[in-house]
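Protein chains: 6
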Amino acid sequence: MLVTFGEIMLRLATPGFQRLRQATRLEVTFGGGEANVAASVANYGLPVEYVTRLPANDLGRACMAFLRSYGVGTRHIATGGNRIGIYFLETGAAQRGSQVIYDRAGSALAEIQTGMIDWPTVFEGAQWFHWTGITPAISEGAAAVCLEAVQAARAAGLTVSCDLNYRAKLWKWGRSASEVMPELVALSHVAVGNEEDAEKVFGIKPEGVDVKAGKVAAKAYESVARQIQERFPSLNTVAITLRGSLSASHNTWSGMMRHEGRVYTAPTYDIVPIVDRVGGGDSFVGGLIYGLSTFPDPQRALEFAVAASCLKHSVPGDFNLVTVAEVEKLMGGDASGRVSR
Amino acid sequence: MLVTFGEIMLRLATPGFQRLRQATRLEVTFGGGEANVAASVANYGLPVEYVTRLPANDLGRACMAFLRSYGVGTRHIATGGNRIGIYFLETGAAQRGSQVIYDRAGSALAEIQTGMIDWPTVFEGAQWFHWTGITPAISEGAAAVCLEAVQAARAAGLTVSCDLNYRAKLWKWGRSASEVMPELVALSHVAVGNEEDAEKVFGIKPEGVDVKAGKVAAKAYESVARQIQERFPSLNTVAITLRGSLSASHNTWSGMMRHEGRVYTAPTYDIVPIVDRVGGGDSFVGGLIYGLSTFPDPQRALEFAVAASCLKHSVPGDFNLVTVAEVEKLMGGDASGRVSR
Amino acid sequence: MLVTFGEIMLRLATPGFQRLRQATRLEVTFGGGEANVAASVANYGLPVEYVTRLPANDLGRACMAFLRSYGVGTRHIATGGNRIGIYFLETGAAQRGSQVIYDRAGSALAEIQTGMIDWPTVFEGAQWFHWTGITPAISEGAAAVCLEAVQAARAAGLTVSCDLNYRAKLWKWGRSASEVMPELVALSHVAVGNEEDAEKVFGIKPEGVDVKAGKVAAKAYESVARQIQERFPSLNTVAITLRGSLSASHNTWSGMMRHEGRVYTAPTYDIVPIVDRVGGGDSFVGGLIYGLSTFPDPQRALEFAVAASCLKHSVPGDFNLVTVAEVEKLMGGDASGRVSR
Amino acid sequence: MLVTFGEIMLRLATPGFQRLRQATRLEVTFGGGEANVAASVANYGLPVEYVTRLPANDLGRACMAFLRSYGVGTRHIATGGNRIGIYFLETGAAQRGSQVIYDRAGSALAEIQTGMIDWPTVFEGAQWFHWTGITPAISEGAAAVCLEAVQAARAAGLTVSCDLNYRAKLWKWGRSASEVMPELVALSHVAVGNEEDAEKVFGIKPEGVDVKAGKVAAKAYESVARQIQERFPSLNTVAITLRGSLSASHNTWSGMMRHEGRVYTAPTYDIVPIVDRVGGGDSFVGGLIYGLSTFPDPQRALEFAVAASCLKHSVPGDFNLVTVAEVEKLMGGDASGRVSR
Amino acid sequence: MLVTFGEIMLRLATPGFQRLRQATRLEVTFGGGEANVAASVANYGLPVEYVTRLPANDLGRACMAFLRSYGVGTRHIATGGNRIGIYFLETGAAQRGSQVIYDRAGSALAEIQTGMIDWPTVFEGAQWFHWTGITPAISEGAAAVCLEAVQAARAAGLTVSCDLNYRAKLWKWGRSASEVMPELVALSHVAVGNEEDAEKVFGIKPEGVDVKAGKVAAKAYESVARQIQERFPSLNTVAITLRGSLSASHNTWSGMMRHEGRVYTAPTYDIVPIVDRVGGGDSFVGGLIYGLSTFPDPQRALEFAVAASCLKHSVPGDFNLVTVAEVEKLMGGDASGRVSR
Amino acid sequence: MLVTFGEIMLRLATPGFQRLRQATRLEVTFGGGEANVAASVANYGLPVEYVTRLPANDLGRACMAFLRSYGVGTRHIATGGNRIGIYFLETGAAQRGSQVIYDRAGSALAEIQTGMIDWPTVFEGAQWFHWTGITPAISEGAAAVCLEAVQAARAAGLTVSCDLNYRAKLWKWGRSASEVMPELVALSHVAVGNEEDAEKVFGIKPEGVDVKAGKVAAKAYESVARQIQERFPSLNTVAITLRGSLSASHNTWSGMMRHEGRVYTAPTYDIVPIVDRVGGGDSFVGGLIYGLSTFPDPQRALEFAVAASCLKHSVPGDFNLVTVAEVEKLMGGDASGRVSR
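Chains as they are written, first to last, in numbering that gives the first Met the number 0: chain A, 0 to 340; chain B, 0 to 340; chain C, 0 to 340; chain D, 0 to 340; chain E, 0 to 340; chain F, 0 to 340.
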């Protein structure tokens with residue numbers, strides 16, 4: 000069983016490439032980094048429990064219903080607080096990027112306190128715990144509960160993974176990412192990041208990469224992965240997603256992984272058009288957790304993660320609603336998009 | 000020119016009588032007591048400026064666009080703060096009442112401070128200022144700015160009106176309605192309330208009325224109006240809306256007014272089905288301000304207010320989008336709902 | 000086979016009781032008095048051809064597709080002209096009446112000229128021709144073609160029916176209804192009108208009726224029907240629809256008929272809520288044509304017409320999409336609205 | 000824990016009172032008598048497992064997701080078969096009744112066979128089992144599994160309830176309701192029916208009742224309940240829903256119950272407008288099971304059931320999404336439909 | 000006049016690239032291989048009759064309305080049976096292919112029997128009959144009626160065309176495609192297939208083609224066409240569509256034809272983005288039938304077919320709603336997609 | 000302050016790439032060449048007044064509300080006439096171009112007469128006036144008012160700009176573009192055109208350009224710009240948009256400018272997919288007016304115009320809703336379309 004912990008928000012998205020100023024209707028779903036990972040893994044058939052804090056109102060209840068509908072367990076979700084965090088999304092196209100407005104201050108999760116979650120009970124029967132760098136960025140309380148969870152997970156013998164997920168606009172509660180994250184990462188076994196996270200959190204830079212130019216080089220990230228592992232010896236796996244942003248509608252997508260001293264790479268997918276790239280990185284993590292848990296071959300785990308998250312870009316919403324069979328069909332080289340009748 | 004001041008929120012409503020837990024889309028408009036009054040009056044053709052504080056993001060801009068589209072001036076709106084207040088609405092039917100979830104803590108308006116609005120400039124050329132009991136309930140800052148506005152309005156020689164609008168779930172910033180409201184009401188010329196406000200704010204009760212039973216008696220409210228005027232001699236007009244809630248889809252609707260020592264009553268309308276009752280009271284105030292400003296006869300002003308707000312119940316959204324001609328047609332006795340070709 | 004002739008317009012309606020000023024989407028159908036009659040009758044299973052003139056663009060083609068989908072023949076529709084007429088509809092509720100904006104000037108039908116329709120060919124195999132007072136009101140050309148059609152129908156031995164359908168906002172081409180209509184009515188066998196038509200077109204008034212008060216008295220219309228027949232001896236049937244407009248959502252509905260010297264009346268239905276009353280009168284005519292063509296008993300024909308048009312008020316759009324079985328169920332007294340499984 | 004068993008179908012409903020022939024979009028939910036009961040009870044906070052058979056495709060998976068989202072357990076649902084049953088719904092208004100087209104032949108549940116469900120495992124920890132007369136009507140296999148379930152439930156010491164739910168269009172597999180139902184009812188403790196079921200299944204008639212006339216008399220049903228209990232001594236509770244169908248938009252609604260030799264009655268609600276009456280009877284059963292399980296007073300259980308199902312008529316979809324607090328508010332006499340802020 | 004025969008299904012498609020598990024609304028149209036051909040040809044202005052069997056309910060009636068609206072004759076459609084076949088569609092994007100769930104067992108057409116269609120009457124005045132390999136795959140009865148139709152068409156002197164259209168998931172009624180198809184193809188004059196059909200039905204393979212790799216070579220298919228013609232001497236035309244599936248959003252598209260001993264090829268179109276590829280092959284057949292019927296030059300017929308079906312990929316729904324002028328504009332080399340004002 | 004004058008129409012667009020014949024809903028916005036320029040500039044924060052003539056009905060009022068919502072002043076709009084012009088839009092994809100049906104004959108603006116607009120008052124405080132070649136094409140009255148405006152603008156010392164905007168289907172009132180336009184252009188300072196305008200209006204051709212082949216060469220247009228300036232010495236700026244139409248979904252886009260004797264060029268953008276290209280040219284003009292008014296460097300003005308109008312192609316509707324910051328981000332080379340969080 001996988002356990003993930005973090006904030007899930009009400010996602011309100013404009014339809015049909017509308018800008019927010021034009022919208023007279025908003026599409027309702029829910030999403031957040033850790034919940035997106037939970038949903039990915041639940042979708043592949045593994046048992047999953049998601050832990051968060053939600054208000055005792057119909058929006059909190061709707062969120063739990065949403066999670067359950069995708070097979071994510073909600074038994075350990077704490078109830079309380081004043082509001083659910085919200086994010087507004089307008090999906091871009093061509094040269095116009097997507098835009099997100101976060102409205103998450105004062106959320107139930109932001110006001111969580113240590114002791115509100117009974118972690119030993121949560122972790123009964125669990126094998127894996129996943130957290131991300133968003134959670135300690137939200138508030139002092141969230142950071143403290145995140146540490147509490149990681150420590151309890153280690154105590155219970157779980158594999159601990161994290162997504163560095165640096166968000167510059169958060170981290171306003173008094174301490175910075177570089178102050179808080181090391182303690183948490185040092186307790187983890189698996190770390191995932193994108194091309195910016197390592198630099199922003201740990202000051203570790205790749206070489207020869209111009210992110211804005213839309214070019215990514217797997218090579219350049221080997222040293223990044225190695226440096227991270229040298230700094231955090233507990234990490235026997237470091238994986239990096241490699242996104243080439245050619246436009247809002249066209250990305251290249253791949254990933255690399257340094258695992259037990261070896262480097263693994265995966266094919267690069269050309270994704271066009273992008274239906275919804277929010278949650279793309281989370282779906283990579285979901286695929287990787289599934290892959291490392293299921294396949295004896297790390298190469299296969301990485302390829303599964305990359306193919307799974309490639310497919311995510313064609314699914315509206317934060318959650319990656321694809322099956323193991325669909326991922327394996329793409330891994331097998333069939334990107335033809337033929338009609339399955 | 001009318002000036003109103005208060006909080007306008009993003010309104011997210013479920014379509015088709017759905018409950019919030021069922022919604023996969025939400026209808027987007029904006030609304031709030033004082034803005035609703037502004038829109039009513041602008042719609043009748045009078046110049047109106049609305050004052051509030053909105054965040055400098057696309058939701059704040061969309062809100063201003065919405066106001067301008069209905070002819071409400073936005074020149075004096077302050078920009079700043081972190082978020083726009085939000086309210087979620089599910090519209091009830093038959094025995095199931097509508098339900099509102101407020102999510103307005105930490106809004107730009109809640110964090111307003113005295114000095115942010117240049118009231119003397121705002122009031123240049125204005126004749127009337129309207130505020131409601133919601134604003135001082137929101138935060139200490141909002142209460143202070145409300146007082147600042149009322150004092151400036153009086154100094155500038157404007158007519159000042161208020162809607163008592165008691166909201167039990169607000170008033171959490173340290174002082175109660177009965178502590179704060181008297182100072183503000185004592186500076187006003189016109190006060191409007193519904194059947195509960197006078198009791199909740201001032202402890203003044205009608206006699207022989209059972210609100211839940213859906214019966215209202217104009218008679219019983221004469222003494223309420225008189226007691227309010229006795230307590231606040233500045234008030235030369237006190238008006239009370241009279242709603243009989245037979246069900247979420249069927250209300251009776253009327254109003255009474257004590258004005259310069261005389262009591263005025265109006266016909267009672269049977270409204271069925273109710274399309275949207277949010278903003279019903281505000282549309283009464285809008286009609287009354289228009290009526291008292293335009294008609295020499297107070298009886299006509301009251302009848303205009305009651306007919307206008309009767310029509311509001313057939314219009315989706317917070318704003319009352321009806322014309323003077325439409326209100327006067329109903330005042331003239333034509334409630335036949337015939338097709339206007 | 001029934002033939003009807005007139006103008007069919009693109010109907011653009013706001014959804015969900017929205018006012019036109021609020022609409023960001025409009026619902027697309029097509030409708031017009033004579034086409035509505037055609038669709039009613041086609042729906043009961045009789046062969047029907049509809050004659051009009053439509054532009055040679057995709058809107059004209061979409062209109063023909065719409066007619067054909069409901070079983071109405073489009074073989075004799077003339078193609079040409081610059082535009083299809085349009086009407087905008089906002090559906091009212093409670094005290095707010097529905098509102099129609101016509102945008103039909105310069106339509107293909109308004110510019111029709113005699114000789115464009117080959118009436119003898121149209122009437123081959125036909126038994127009944129129906130026209131309404133809207134067509135001669137549109138333009139001099141439309142009036143001339145209407146007369147051409149009525150004369151050809153008489154020459155071909157068809158039964159000719161008309162709906163007086165007075166529309167004050169039309170009749171702008173130079174002659175008035177009272178100048179033009181008599182010649183046309185004098186060639187007809189069946190005339191239908193509502194409570195206002197006879198007065199507006201022929202100056203014939205009922206007694207003791209206050210239309211705006213929402214009360215109608217079948218009695219009072221007996222003399223109206225008799226006077227019409229005295230003036231136009233060709234009319235062996237005059238029928239009058241009796242609508243009591245209590246509100247936009249609540250009407251009473253019935254009809255009476257003077258046929259071959261005898262008076263027939265029908266039950267009065269209480270219709271609440273009204274889903275769409277546009278086309279209500281047309282659906283009465285459709286029911287009456289079907290009834291008089293099918294049932295030996297005039298009483299049954301009238302009752303069919305009234306029950307059919309009662310049901311129309313529950314169907315969105317101009318067309319009455321109900322079956323003979325559904326009408327007969329209501330005629331049989333079952334207005335219970337039980338679920339048919 | 001409650002267990003219910005039966006068929007859940009894909010429900011495809013036209014929006015906005017459209018007729019099926021007009022629909023270009025259909026609203027997707029799922030529903031079925033026994034699942035509706037399960038959802039009601041889960042919604043009140045009791046643990047519930049729903050048992051059925053669904054195909055191993057995305058429609059089956061979507062159905063399970065739907066159930067889980069409302070808190071209904073899906074652990075014991077069997078997977079297999081070729082298709083999910085479907086029903087098409089057009090919601091009526093005024094005199095036009097709603098219409099249902101069933102397309103359920105060959106469904107996964109229709110092809111269920113004994114042995115596919117491990118009933119002793121299902122019933123571990125359960126206190127109550129509910130079935131309806133729809134299930135044995137579907138197919139020989141479904142009838143056999145229903146009997147298997149009832150017997151296992153009795154063996155496990157559960158309370159067994161049934162809804163007679165006679166559907167004339169089913170019962171095509173070779174045996175009739177009157178042949179099959181007695182054996183099943185004879186094993187049950189609680190039976191619920193509407194005004195037609197007892198007559199259609201057992202030939203037991205009320206006196207002095209004209210169903211089509213929209214009048215129901217609680218009195219007349221006392222003898223019906225008594226006769227049923229005399230025939231099936233295992234039944235210590237017989238409850239009957241009392242629906243007065245004035246129109247598709249306006250019903251009266253109540254219920255009566257004969258329980259351990261005493262007769263209980265409840266207030267009658269006037270429901271107008273009806274948003275969705277499908278599942279109304281099921282929501283009564285859900286309320287009754289909750290009430291009999293929770294309240295020591297049978298009178299309170301009946302009142303809860305009637306009030307709960309009254310509220311259902313305002314909720315779109317088959318499931319009754321109301322809380323215990325909402326039901327109790329209505330039971331307490333507050334039918335005013337005021338806005339809950 | 001063209002006659003086509005086969006099954007038309009209710010098509011329920013998710014909007015906006017949603018997966019079926021996410022859908023709360025489904026888009027309603029109708030489609031099926033032979034009906035799609037009929038609609039294409041009707042759209043070009045030729046008379047067309049479509050023959051099938053549909054249930055006598057509102058879904059069957061809606062289907063006939065849909066066909067008539069696009070100019071397809073429904074006079075000879077048989078009524079009866081229990082249900083209309085359904086297919087559910089989720090439209091893919093990028094690497095995620097579209098997915099179809101068929102729910103067509105037990106449809107009215109599957110239960111058709113010889114004698115239900117009066118073929119000699121159907122073929123009066125007709126010149127061309129088209130069938131596809133889907134129909135004999137559905138059921139023994141459908142196969143028998145298909146043979147009955149082909150024989151009657153030959154007897155009446157019509158040109159007979161077929162689309163091989165191999166569907167592996169059908170062919171469950173006892174005989175295989177390779178047993179049934181030869182007798183039918185041997186009576187046909189024109190055969191169309193895609194890159195897989197010839198192999199699956201007749202074991203005839205192209206050389207040097209890797210379908211999944213998204214590459215197609217017109218060359219390789221010459222031998223396929225020749226081998227088919229050698230085996231079935233009645234076929235004076237064999238055409239093959241050439242689809243290169245680069246992704247669900249990007250295909251190349253062309254076709255080749257062997258006609259009276261000569262090979263014809265056409266330009267290859269790069270289609271991006273694909274709006275709806277369902278019915279792409281059918282629109283090629285529709286274009287080819289129109290082309291061979293209208294143009295003296297087979298090269299022009301093939302180019303028309305390829306250009307027409309290229310355009311189909313931009314039209315939502317199964318039917319190809321493009322005009323002859325639009326196809327000829329593309330044939331003329333204008334693929335610029337400029338706005339036509 | 001910028002003033003623009005012309006016709007704004009009700010825009011009714013099909014959703015989701017539907018063809019007009021398929022539409023059951025139309026998306027409502029408003030647009031027109033000169034209003035689109037006004038909205039662009041208002042959006043960048045400059046004061047703008049838009050002048051037109053609109054009917055005194057709810058469609059005219061909705062149009063004014065729409066303009067105001069985007070910050071465009073409506074103080075000087077004349078009220079009167081019978082109808083608002085309408086255009087119907089179906090958005091193409093891949094090889095199928097978008098299609099527009101204009102329905103603007105008899106519009107309020109077409110019937111405008113000199114003297115209806117008080118130009119000296121309009122131009123108080125204004126610096127810039129913009130008109131396009133559409134307005135004089137509409138009617139004799141519109142042409143006369145356009146000339147009246149241009150003369151008054153010159154008299155008031157404003158900069159005058161024009162977009163040649165040749166529309167072959169207009170110009171039906173008696174005089175041709177080549178007769179009318181020279182007088183107007185000769186009074187202007189800035190002229191903008193696309194690759195066809197100069198040839199159609201003035202007979203000035205570029206060399207070496209094949210528009211349909213989707214290729215454009217900035218070089219070839221230098222001589223065009225020079226020839227225009229030689230003919231109209233008042234023009235110190237001539238700019239030409241350079242669109243390469245590869246398909247309805249894929250264009251290249253750039254522009255060049257000859258300004259005070261020097262030639263400026265800009266980068267070429269590859270736009271894919273195009274969300275909405277209507278108003279693309281207008282957004283170039285809006286960007287150019289903003290740029291020339293704001294930046295001292297003409298090169299920067301041109302680059303701003305090209306980048307701004309590139310972004311327009313990703314925004315649904317006629318109006319370009321992008322900020323200065325978004326344009327400058329793209330000018331700075333960031334076309335990566337990354338999510339802005």
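No residue lacks a Cβ here, since even glycine has one placed at the ideal position from N, Cα and C.
| Query | Result |
| --- | --- |
| Alpha carbon to alpha carbon, what distance is there between Gly278 (chain C) and Pro54 (chain A)? | 50 Å |
| Give the interface partners of Gly91 (chain C) over in chain B, defined as CB-CB distance under 7 Å, in chain order. | Ser313 and Gly336 |
| Reducing DSSP to helix, strand and coil, say where Thr120 (chain A) ends up. | helix |
| In the DSSP assignment, the alpha helix (DSSP H) including Val27 (chain A) goes from what residue to what residue? | That residue, Val27 (chain A), is in no alpha helix (DSSP H); its beta strand (DSSP E) goes Arg24 to Gly30. |
| Is there a Cβ of chain C sitting closer than 8 Å to that of Ile100 (chain F), yes or no? | yes |
| With DSSP run on the structure shown, which of helix, strand or coil describes Leu186 (chain C)? | coil |
| Could you check whether the Cβ of Val144 (chain F) sits closer than 7 Å to any heavy atom belonging to the ligand NAP? | No copy of the ligand NAP occurs in the structure displayed, which carries no ligand at all. |
| Going by the DSSP bridge assignment, what does Trp130 (chain B) pair with across the sheet? | B:Cys161 |
| How long is the line joining the alpha carbons of Met330 (chain E) and Glu139 (chain E), rounded to whole angstroms? | 42 Å |
| Just reading off the beta strand (DSSP E) that Val271 (chain E) is part of, what are its end residues? | Neither: Val271 (chain E) is in no beta strand (DSSP E) and is coded neither H nor E. |
| Measuring CB to CB, does Asn81 (chain B) end up less than 8 Å from Ser282 (chain B)? | no |
| Quick check on Pro272 (chain E) - is its C-beta less than 8 Å from some C-beta in chain F? | yes |
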